[in-house]
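Notes follow once the structure below has been shown.
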Amino acid sequence: MAVIPFTAAGQKLLARLMRAEAEGDGQLGMLMVGNTGVNRVRADCLDFKDIRTINDMVYQSPGGFEATQKSYFYQRARSKDLDLALKVLRGRREHPATNSLWFFMPEGSCPAQWFGQWNTGRYKSHCFFSPTQSECPTVF
Numbered sequence: 001m002a003v004i005p006f007t008a009a010g011q012k013l014l015a016r017l018m019r020a021e022a023e024g025d026g027q028l029g030m031l032m033v034g035n036t037g038v039n040r041v042r043a044d045c046l047d048f049k050d051i052r053t054i055n056d057m058v059y060q061s062p063g064g065f066e067a068t069q070k071s072y073f074y075q076r077a078r079s080k081d082l083d084l085a086l087k088v089l090r091g092r093r094e095h096p097a098t099n100s101l102w103f104f105m106p107e108g109s110c111p112a113q114w115f116g117q118w119n120t121g122r123y124k125s126h127c128f129f130s131p132t133q134s135e136c137p138t139v140f
């Protein structure tokens, strides 16, 4: 059972995003980026009130993903990337991205907060940030 509605095209788009944003962090890092994306579709809060589909999430502007500006993002999704995207779409969640709505790659250590949201942890090169349950109950 999927945690958000999706099409084959949406799965491919999410797979491409996950790879382009976090391939250097391995499969677990890619899953965490996928968690963040799926959470944005589920959120209906803060910066994500009008995000209803994977396409809306990936191409949100402002506030979208840097990867969409790079040619690597536009390469065809590979089968292993599609498999990872499907896991996320079916509800697999990985800490520290379990409830995250944001991530970024700092030059140094992770700040305690980013745009007012609390750091939930770091995985390799990315820091993850989550809202409180009272701010975004649909993410929890």
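Residue 84 in full-length UniProt numbering is what sits at position 84 of the sequence shown, and the numbering runs on without skipping anything.
In this text, a Cβ means the ideal position worked out from N, Cα and C, and glycines have one as well.
Burial state of residue i, where buried means 16 or more other Cβ atoms lie within 10 Å
| i | result |
| --- | --- |
| P96 | buried |
| S130 | buried |
| S61 | exposed |
| A43 | buried |
| R76 | exposed |
| M30 | buried |
| A22 | buried |
| M32 | buried |
| residue 141 | Residue 141 is absent from the model: the chain starts at 1 and stops at 140. |
| G37 | buried |
Rounded straight-line distance, which links the Cα of residue j to that of residue i
| i | j | result |
| --- | --- | --- |
| V139 | I54 | 15 Å |
| E94 | N35 | 7 Å |
| K70 | G24 | 15 Å |
| C45 | G121 | 22 Å |
| R40 | F128 | 13 Å |
Cβ neighbours of residue i in the same chain (closer than 7 Å, five flanking residues each side left out)
| i | result |
| --- | --- |
| Q27 | L84 |
| F65 | L17, E21, V58 |
Beta bridge counterpart(s) of residue i as assigned by DSSP
| i | result |
| --- | --- |
| Q69 | None, per the DSSP bridge assignment. |
| C127 | F104, R122 |
| Q113 | W118 |
Beta-carbon contacts of residue i that lie in its chain and below 8 Å, excluding the five residues immediately before and after
| i | result |
| --- | --- |
| L82 | Q11, K12, A15 |
Residues near residue i in its chain [Cβ-Cβ closer than 6 Å; skip 5 each side]
| i | result |
| --- | --- |
| N99 | S130, V139, F140 |
_With a threshold of 8 Å, are at least 3 pairs of Cβ atoms found where one atom belongs to the region 1-19 and the other to the region 112-121?_
no
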